[in-house]
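Participant: Quick note, the sequence shown lines up with residues 1 to 269 if you use the UniProt record's numbering.
Beta carbons: idealized from backbone N, C-alpha and C, even for Gly.
If you scroll down you'll find the structure; I have some questions about it.
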Amino acid sequence: MTELAILLLRIFVAFTVLAFGACVGAWWYYRTKRGIDLDAGFEGQYDYHGQAIYNQQGEIEGYELLLRELDSATGEWRLPAHVLDFPLLRIVAEIQRLVPHLEDNVEFITINLTLKQILDFRSDQFITWTQSILAGRRLEIELDALEIIGCNFIQRWRLKKRLRAITARNIPIVIEGVDSTRLMYRRLLPFLERVTHVKFVANAFNKSATHWIEVTLGEWQLATQKAQVGMILGKIERLCQEQLADQLHIPYRQGYLYARPEKIEREDH
1 MTELAILLLR IFVAFTVLAF GACVGAWWYY RTKRGIDLDA GFEGQYDYHG
51 QAIYNQQGEI EGYELLLREL DSATGEWRLP AHVLDFPLLR IVAEIQRLVP
101 HLEDNVEFIT INLTLKQILD FRSDQFITWT QSILAGRRLE IELDALEIIG
151 CNFIQRWRLK KRLRAITARN IPIVIEGVDS TRLMYRRLLP FLERVTHVKF
201 VANAFNKSAT HWIEVTLGEW QLATQKAQVG MILGKIERLC QEQLADQLHI
251 PYRQGYLYAR PEKIEREDH
């Protein structure tokens, strides 16, 4: 009986040590996770440039914030190099800096988050913090379609659960970068009930001798209507693409045809 008690005690101690080690390991992993908490490796000068999002009447309703990095050699703003998961604290700081420069008629701000950022448990605090500094404007979150369709089974399950929690807070979720491939159509359909808008790449729906459209915008429109999801046509560069949006009554448009990303500044500043 004594030997059994000693054995059980040893098992208990072993499990306690393992559990403690797992907790310490998890804490250390999240504490040192690049791009979420730590600012190491992001010494460059960064800024958010806004690209206007227009409604069907040609009026600006909001801005998508696009991260840019200052090229110290040329003094020009460029797409960030080697920046995947920009620190959430830095995102908040940059948004807080630009909010005073937003015009009063801007209804919403859209920010891009990666899969790692949206699945991190600190994203709840980040969302709450960002909402508090937007001065009554709506926060919208964009996720990249390629990241979503590349998820494994566990990531898909976690992402659906996370999106359900975010939309329950009345925060719109946009899947951006959607093309005309059948693969993307099949893999994104299960996510439609978890999001509010789908943003399509305009060029992906231009049929040519070298490009075949597997799923048309009309087919996508039927799927989004069934799921009660809105449509945005993005990366519009030509008038014919705007005309396509008009034909399908796509309410929101974005692209170089309307405006390029630029520093957001009020006229009275």
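Tell me, to the nearest whole angstrom, how far the beta carbon of W77 is from that of D47; I am working on the premise that it is less than 8 Å.
Facilitator: 7 Å
Participant: So for K263, helix, strand or coil by DSSP?
Facilitator: coil
Participant: If we ignore side chains and look at the alpha-carbon of each, how far apart do Q247 and G75 end up?
Facilitator: 42 Å
Participant: Output the boundary residues of the alpha helix (DSSP H) element that contains R169.
Facilitator: Note, R169: premise wrong, no alpha helix (DSSP H); not H, not E.
Participant: Please classify G234 as buried or exposed, where buried requires at least 16 neighbouring CB atoms within 10 angstroms.
Facilitator: buried
Participant: Out of L222, E147 and F205, state which residue places its alpha-carbon closest to the alpha-carbon of R187.
Facilitator: E147
Participant: Comparing C-alpha positions only, which one of I149, Y63, L65 and L115 sits nearest to P190?
Facilitator: I149
Participant: Would you decide whether G62 is buried or exposed? Buried here means 16 or more other CB atoms lie within 10 Å of its CB.
Facilitator: buried
Participant: In chain order, which beta strand (DSSP E) runs of at least 3 residues are fully inside the region 123–208?
Facilitator: 138–144, 173–178 and 197–201
Participant: Would T128 be called buried (16 or more neighbouring beta carbons within 10 Å of its own) or exposed?
Facilitator: With fewer than 16 other CB atoms across the displayed protein chains lying within 10 angstroms of its CB, T128 is exposed.
Participant: According to DSSP, which residues form a beta bridge with I60?
Facilitator: In the DSSP output, where bridge partners are listed per residue, I60 has Y54.
Participant: Whole angstroms is fine: what's the gap from K207's alpha carbon to Y185's?
Facilitator: 17 Å
Participant: To the nearest angstrom, report how far apart Q254 and Y54 are at their CA atoms.
Facilitator: 6 Å
Participant: In the DSSP output, what is I95 paired with across the bridge?
Facilitator: Partner(s): none; I95 has no beta bridge.
Participant: When you compare each of D179, Q225, T196 and T224 to H211 by their alpha carbons, which one comes out closest?
Facilitator: D179
Participant: When the Cα of H249 is compared with those of I118, T167 and G230, which residue comes out closest?
Facilitator: G230
Participant: So what's A245 in DSSP terms, helix, strand or just coil?
Facilitator: helix
Participant: Can you tell me whether P261 is buried or exposed? The criterion is at least 16 other CB atoms within 10 Å of its CB, across all chains shown.
Facilitator: Result: buried.
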